[in-house]
Amino acid sequence: MQTNTMEKLLTEITNLPQTSEPRNAGIKLDLDWALSAQANTSAIERRCASLPARRSVKKSHQAAWLARALTCIDLTTLSGDDTAGRVRRLCAKAMQPARQDILDRIGLPDITTGAVCVYHDMVTTAVSTLKGSGIPVAAVSTGFPAGLSPLHLRIQEIQESVKAGASEIDIVISRRHVLTQNWHALYDEMVAFRLECGDAHVKAILATGELGSLRNVARASMICMMAGADFIKTSTGKESVNATLPVTLVMLRAIREYYNRTGYRVGYKPAGGISKAKDAITYLVLVKEELGDRWLRPDLFRFGASSLLGDIERQLEHHLTGAYSANHRHPIG
Amino acid sequence: MSIETIFETMDYGTAPEDSSEALNWITGQGGAVGSFIAGGWSKKRSDMLVNNPATGEKLADMTIATPGEVKAAVRAARKAQPDWAALGGPARARVLYAIARLMQKNARLLAVMETLDNGKPIRESRDIDIPLAIRHFYHHAGHAQLMPSALKDRIPLGVCGQIIPWNFPLLMLAWKIAPALAMGNTVVLKPAEFTPMTAMVFADICVKAGVPAGVVNIVTGDGTTGEALVAADVDKIAFTGSTDVGRIIQNATATSAKSLTLELGGKSPYIVFDDADIDSAIEGLVDAIWFNQGQVCCAGSRLLVHEAIANDFHTRLKARMDKLRIGNPLDKSIDVGAIVDPIQLAQIKKMVSENTAGETYHAQTPVPEGCFYPPTLITGLYAADTLMQEEIFGPVLVSTTFRTPSEAIEIANNTRYGLAATLWTENINLALDIAPKLAAGVVWVNATNLFDAAAGFGGVRESGFGREGGWEGLQAYTKPSQTRTILPDIVPFPGSGASQDAVDRTAKMYVGGKQVRPDGGYSQEIFDPTGQFLGHAPVANRKDVRNAVQAQSGCKWGNTTGHLRAQILYYIAENLSVRASEFANRIDQLMGGDSGAQEVEDAIDILFSYAAWADKLEGRAKSVPIRGVALAMREPIGRIAALCPDETPLLGMVAPMAAALSAGNTITLCVSQTFPLVATDFYHILETSDVPAGAVNILTGPQKDLAPHLGAHMDIESVWCLSSAKITFMVKEKASSNVKRCWQGALLDDHQSWLDAATEIKTIWIPYGE
């Protein structure tokens, strides 16, 4: 019995985000600071346009970087037709993200994806399937994706998911608070969400495609961090525009500024639309350049993606064989 | 390194571009480069070596073209020019199009060659230099096509000698050759001695593109070759390079009729206001001063940051600098490559080490052995510090602070140069207020180092004159089909006798809105053709020149509206009309004959014409490939001095005056020295026409005494040499003091040419987007 408890405890511990970072405790709302954020769209776009050409990662480095990207994936299924079976299949893929022969040959036999990300109703299945793997389960929450259900229900949803074993909660902010510039409401809501998460880490989904401007992205990023977000995340994947490099640059710069001023490292998660290995490397480069190597770890960086993994697998096999690979050679998730 | 290790370190590793194609090309040339004349290669010699600055290894042997070879190249160009011009715009367009296409097909060879030769990162040569060069040929293929319809009254200059620098070898070649060829000129181009390689590939491309023999000639060599080219029988010299060499060329061409355009050095301000997107402004600096190792004439090398944000800005900037990667320029992950040559490196090191002011910060990033220099920031400097004034031409940024927008402008403009300027603010009111006030030919708002073939580039002050790119760039390679004939001076009539006036009249000069006596206290006697004494005219000296220019400086005429300028020009015409017969008589009296009445009528007409133009001097919104606009604004040149001809003493002063005033310039008129009494009557008209003090100044006396002082005066931007060739040379010999524009006039009804001479295009780039 005692052993079982211990085992359970260990499982729980390993299922928590592996981090040596002090968690962002948040700070008092500082509107002067948050609203001083500027984001010049053209300049930001130019930086993003030139970035992929400024850094090139080739050969072994490319393989290593792709393996790193793999470990940062929140392998995700967020569909109305998700079933327990579908989620178990995804979890199996998370634990065995590429063919073992490939992983062995690149010298990283034990890597897994960063997390599995599901709706609340799938949390129990995911947690039990992943038990012992060390892979955390992330639950999207708070009336995902629109965030327009009653506040008390959104808060309760967090509570339920945490109780079901989710160690990461991806909340959606109320976009209307940004669009109507009700910054206090945005802050208070985020504080409430964070509180409800308890030990589970909270990712604040800004739904940047619906915020109207990069300046609003910068402001919302800052306010969510002030309210204690562990991660800021671009998108639900359900908006018409999801993760983009310009939005990423704005959010990374906000994270850097917040870190410089408070000492807290907040994580970043681009989600939606990243499906190519090459794009994943561009994102990693941007993170490395703007934030530094410390952020190139799953405790501070995640991709919200489902099809990205397949392309990474193909590229890794290409690296090993020198021949372009095919989809059917890699197990589906 | 194992994947497992890299998985932890997350290093970039190396990603070198393959250089074998480029090296094979050189081998195919026998490992040596030399002159391309009349469609073929001249005999190559090993007069000096071309090195790869990143490795110090030899790339090729290079021929230094002798003066004889330069002459042969010019002869070939001369021979080819009439046929090339006669071929017609559309046929030339096909050739330029073929060049663009072939450059595109050889884009990677050109990029790698450029990086091998110059040391610039392959990313820059591949993504910036070569695409811009190709775009230049496409754009100018279009200009060739349109020339017959859009530039009906312009003809080619003839043979153009072109001397280009080592910082953008192929791009500068394109900027020079494309417009010249499009307009029907032929060229002899000299690439820089450090960087001849891409010009050699280009010569090869010319052959394949069907460029007729002799249309493009390239001579390799050093300063001696350049000197020979400047001295050769060419119709124009176009030079891009240092201000020092620009001056030498301006002096060397002073006594010739060669047209000249100079694109010289700079110390361009980079202004960051307190409401800017700071991180983007910092990223902009990477493109401003660490682009091409800072070896960029328009590099934003002088950082002006608002005092309130300076500390934060510098802290963030240093962090950004530490992220820059320096090393093998062929590596695709390198931000800063090699300095072009050890000589240049030594110069940068010397300038930085001799500076004791402020605090110097070198980027904390590994710097390889060899011809490399770390990105450097020197904060806490002031305008008085040498490095705030002198161009370093390396990856060294100097920084100072300002308190208010007007102080920012004051510091920004506190320089001999005027090539480019950058400003960062999220406030459109501030941006659009500041941009026109900066003394620069190019202004970038919330961006930096944007270039395009459709947008003019070039400087003011000691950064040179002439524009490259766009419609305005074509001015530099064409001339009006009909030009003015310069008549010889008219010898003053001798005579004797006393005044016929009932009361003795004293003609004075007109300076700063006041009638003034000459500083020297001398007058000259003026007689009519029969020898009858007409009056005394003051003899101006250099101090009168000084006073006149000072009066110009104090006049805010350039800030007035076009409408007001029109009103005043109309008013002058009105007042002249009232006194038409008096002026007609005066002219007839002075010159003999009866042309006076017509001349007065012509003068009134030209005043009306320039009054009409005053509110119609429009710029253009350029079609550049960005989301944004590039505005080509016509700005007044500033302070102009004119040496007026004798043949029509009234019209000869009224025409330049009206043109200058119309465009917002102030002017000092050194009026007809033979018939000055028209001018001394004319100031009464100015006095009654609401002309602000200093806008127009009138000096009389022998022009030979004034011309050298006008030429040398450092606060005159342009001298219009409308009198004899002898006087013109006297101005031009001194004009390099401040790299002054000298212009010899156009037909009186060619208003466009006059207004072009009275204005300069400033290109303001305004990217936008929310």
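Line order of the protein sequences matches chains X and H. Quick note: the first sequence uses our numbering, first residue 1, plus one each step. Quick note: the second sequence uses our numbering, first residue 334, plus one each step. The beta-carbon is built from N, C-alpha and C at its ideal position, and this holds for glycine as well.
Checklist entry - Expressed to the nearest angstrom, what Euclidean distance is found between the alpha-carbon atoms of Ser1069(H) and Asp577(H)? => result Indexing the second sequence from 1 puts residue 1069(H) at position 736. Indexing the second sequence from 1 puts residue 577(H) at position 244. Going from the Cα of Ser1069(H) to the Cα of Asp577(H) covers about 10 Å.
Checklist entry - To the nearest whole angstrom, what separates the beta carbons of Pro982(H) and Val957(H), a pair I think is in contact under 8 Å? => result If you number the second sequence from 1, residue 982(H) lands on position 649. If you number the second sequence from 1, residue 957(H) lands on position 624. A Cβ-Cβ separation of about 46 Å leaves Pro982(H) out of contact with Val957(H) under the 8 Å criterion.
Next on the checklist: Within 10 Å of its beta-carbon, does Gly864(H) have 16 or more other beta-carbons around it, so buried, or fewer, so exposed?
Outcome noted: Residue 864(H) sits at position 531 when you count from the first residue of the second sequence. An exposed status is given to Gly864(H), since fewer than 16 other beta-carbon atoms sit within 10 Å of its beta-carbon.
Checklist entry - Along chain X, in chain order, which residues have C-beta atoms closer than 9 Å to that of Ala609(H)? => result As a working note, residue 609(H) is residue 276 in the second sequence. Under a criterion of Cβ atoms nearer than 9 Å, the residues of chain X adjacent to Ala609(H) are, in order, Gln38 and Asn40.
Checklist entry - Where Thr758(H) and Pro1009(H) are concerned, what is the direct C-alpha to C-alpha distance, given to the nearest angstrom? => result On the second sequence, residue 758(H) is found 425 positions in, with the first residue counted as 1. On the second sequence, residue 1009(H) is found 676 positions in, with the first residue counted as 1. Taking the straight line joining both Cα atoms gives about 52 Å.
Item to check | Cross-chain neighbours of Pro1100(H) in chain X, by beta carbon under 7 Å | outcome: Looking up residue 1100(H) in the second sequence gives position 767. Scanning chain X for C-beta atoms nearer than 7 Å to the C-beta of Pro1100(H) yields Ser42, reported in chain order.
Next on the checklist: Considering just the uninterrupted stretch of the alpha helix (DSSP H) at Thr448(H), what are its terminal residues?
Outcome noted: Along the second sequence, read from residue 1 onward, the residue named residue 448(H) stands at position 115. From DSSP, the alpha helix (DSSP H) with Thr448(H) extends over Ala440 to Asn451.
Item to check | Meets three-Cβ-pair contact criterion under 8 Å: the stretch 958-974 of chain H and the stretch 913-930 of chain H | outcome: No, they do not touch.
Checklist entry - Given that a residue counts as buried once 16 or more other Cβ atoms are within 10 Å of its Cβ, and exposed if not, what is Ile659(H)? => result Against the second sequence, residue 659(H) aligns to sequence position 326. Buried is the call here.
Next on the checklist: Give me the subset of the stretch 750-780 of chain H whose CB atoms are less than 7 Å from a CB atom of chain X, sorted by chain position.
Outcome noted: Listed in sequence order: Glu759, Asn779 and Ala780.
Next on the checklist: Could you check whether Gly361(H) and Arg411(H) sit closer than 9 Å to each other, using their CB atoms as the reference points?
Outcome noted: Position 78 of the second sequence, counted from the first residue, corresponds to residue 411(H). Position 28 of the second sequence, counted from the first residue, corresponds to residue 361(H). Their beta carbons are not under 9 Å apart, which means Arg411(H) does not touch Gly361(H) by this criterion.
Item to check | Classification of Asp645(H) by the beta-carbon crowding that lies within 10 angstroms, buried from 16 upward | outcome: To locate residue 645(H), count along the second sequence from 1; it is residue 312. In summary, Asp645(H) is exposed, with fewer than 16 beta-carbon neighbours lying within 10 Å of its beta-carbon over all protein chains present.
Checklist entry - If you count every other CB in all the chains shown that lies within 10 Å of the CB of His472(H), and 16 or more means buried, which is it? => result Here residue 472(H) corresponds to residue number 139 of the second sequence, with the count starting at 1. His472(H) should be labelled buried.
Next on the checklist: Checking 9 Å against the spacing of the C-beta atoms, do Glu801(H) and Lys1095(H) come in under that value?
Outcome noted: Against the second sequence, residue 801(H) aligns to sequence position 468. Against the second sequence, residue 1095(H) aligns to sequence position 762. Going by C-beta atoms, Glu801(H) is not nearer than 9 Å to Lys1095(H).
Item to check | Interface partners of Trp33(X) on chain H, CB under 8 Å | outcome: Numbered from 1 along the first sequence, position 33 holds the residue referred to as residue 33(X). Listed by position along chain H, the residues whose Cβ is nearer than 8 Å to that of Trp33(X) form an empty set, because the closest Cβ is around 12 Å away.
Next on the checklist: Give me the residue from Ser666(H), Pro662(H), Asp718(H) and Ile676(H) with the minimum Cα distance to Glu687(H).
Outcome noted: Your numbering for residue 687(H) matches position 354 in the second sequence. Here the closest residue by C-alpha is Asp718(H).
Item to check | alpha helix (DSSP H) runs contained entirely in the stretch 367-428 of chain H, provided each spans 4 or more residues | outcome: Listed in chain order, the complete alpha helix (DSSP H) runs (minimum 4 residues) inside the stretch 367-428 of chain H are 400-419.
Item to check | Own chain residues within Cβ distance below 7 Å of Ala621(H), not counting five before or after | outcome: Along the second sequence, read from residue 1 onward, the residue named residue 621(H) stands at position 288. The residues are Tyr603, Ala632, Gly633, Thr755, Thr781 and Asn782.
Item to check | Alpha-carbon spacing of Trp1053(H) relative to Cys1075(H), whole angstroms | outcome: Walking along the second sequence from the start, residue 1053(H) turns up at place 720. Walking along the second sequence from the start, residue 1075(H) turns up at place 742. For Trp1053(H) and Cys1075(H), the distance between alpha carbons rounds to 6 Å.
Checklist entry - Which residues of chain X have a Cβ atom closer than 7 Å to the Cβ of Phe340(H), listed in chain order? => result Mapped onto the second sequence, residue 340(H) falls at position 7. Within 7 Å Cβ-Cβ: Ala64, Ala67, Arg68 and Leu108.
Checklist entry - Any idea if Thr5(X) is buried or exposed, counting beta-carbon neighbours within 10 angstroms, 16 or more meaning buried? => result In the first sequence, counting from the first residue as 1, residue 5(X) sits at position 5. Confidence at Thr5(X) is low in this model, with a pLDDT of 47, below 50, so its placement is unreliable and no value can be given for it.
Item to check | Rounded distance between the beta-carbons of Arg265(X) and Val227(X), thought under 8 Å | outcome: Counting from 1 along the first sequence, the entry for residue 227(X) is found at position 227. Counting from 1 along the first sequence, the entry for residue 265(X) is found at position 265. Per the sequence presented here, residue 227(X) reads as Ala, with Val not at that position. Beta-carbon to beta-carbon, Ala227(X) and Arg265(X) are separated by about 16 Å, too far to satisfy the 8 Å threshold.
Next on the checklist: Would you say Met654(H) lies against chain X (beta-carbon separation less than 9 Å)?
Outcome noted: Looking up residue 654(H) in the second sequence gives position 321. Closer than 9 Å: no.
Checklist entry - Given 8 Å as the limit, is there contact between the stretch 514-534 of chain H and the stretch 446-462 of chain H, that is, 3 or more CB pairs closer than that? => result When C-beta atoms of the stretch 514-534 of chain H are compared with those of the stretch 446-462 of chain H, three or more pairs fall below 8 Å, so the two segments count as touching.
Checklist entry - How many whole angstroms separate the CB atoms of Ile169(X) and Val162(X), which I take to be in contact at a CB cut-off of 8 Å? => result Along the first sequence, read from residue 1 onward, the residue named residue 169(X) stands at position 169. Along the first sequence, read from residue 1 onward, the residue named residue 162(X) stands at position 162. With a beta-carbon spacing of about 7 Å, Ile169(X) and Val162(X) fall inside the 8 Å limit used to define contacts.
Checklist entry - Does the beta carbon of Lys278(X) sit closer than 9 Å to a beta carbon anywhere in chain H? => result The count along the first sequence starts at 1 and reaches residue 278(X) at position 278. For Lys278(X), no Cβ of chain H is located within less than 9 Å of the residue's own Cβ.
Item to check | Contacts of Met343(H) in chain X (Cβ-Cβ under 8 Å) | outcome: Counting from 1 along the second sequence, the entry for residue 343(H) is found at position 10. Chain X residues near Met343(H): Ala64, Trp65, Arg68, Leu284, Lys288, Asp293 and Leu296.
Next on the checklist: Which residue wins for smallest C-alpha separation from Arg487(H), given the options Ile767(H), Lys812(H), Asp877(H) and Asp948(H)?
Outcome noted: By 1-based counting over the second sequence, the position of residue 487(H) is 154. Per the Cα distances, Lys812(H).
Checklist entry - Any Cβ of chain X within less than 9 Å of the Cβ of Ser613(H)? => result Numbered from 1 along the second sequence, position 280 holds the residue referred to as residue 613(H). Cβ-Cβ to chain X under 9 Å: yes for Ser613(H).
Next on the checklist: Cβ closer than 8 Å: which chain X residues qualify as neighbours of Ser458(H)?
Outcome noted: Sequence index remark: in the second sequence, residue 458(H) carries index 125 (1-based). The contacting residues do not exist; Ser458(H) stays about 12 Å from chain X at best.
Item to check | Any non-hydrogen atom of the ligand FMN closer than 8 Å to Ile1094(H) Cβ | outcome: As presented, the structure is devoid of all ligands, the ligand FMN included, so that no description of it is given.
Item to check | Residues within the stretch 960-974 of chain H neighbouring chain X, beta-carbon criterion of under 9 Å | outcome: Under the 9 Å Cβ criterion, the stretch 960-974 of chain H contributes Arg960 and Gly961.
Item to check | chain X within 9 Å of Ile622(H), Cβ atoms only | outcome: In the second sequence, counting from the first residue as 1, residue 622(H) sits at position 289. Closer than 9 Å: no.
Item to check | Chain-order list of residues whose beta-carbon lies under 7 Å from that of Ala1079(H) (same chain, five-residue window excluded) | outcome: Translated into the one-based positions of the second sequence, residue 1079(H) becomes position 746. Residues Pro813, Thr816, Arg817, Ser1086 and Trp1087 of the same chain have their beta carbon placed closer than 7 Å to that of Ala1079(H), with the five preceding and five following residues left out of the count.
Item to check | Where Ile336(H) meets chain X, residues with beta-carbon distance less than 8 Å | outcome: Position 3 of the second sequence, counted from the first residue, corresponds to residue 336(H). Taking the beta carbon of Ile336(H) as reference, the chain X residues within 8 Å of it are Ser60, Ala63, Ala64, Ala67, Ile106, Gly107 and Leu108, listed in sequence order.
Item to check | Any chain X beta carbon closer than 9 Å to Asp1089(H) | outcome: To locate residue 1089(H), count along the second sequence from 1; it is residue 756. Chain X, which has no Cβ nearer than 9 Å to the Cβ of Asp1089(H), makes this no.
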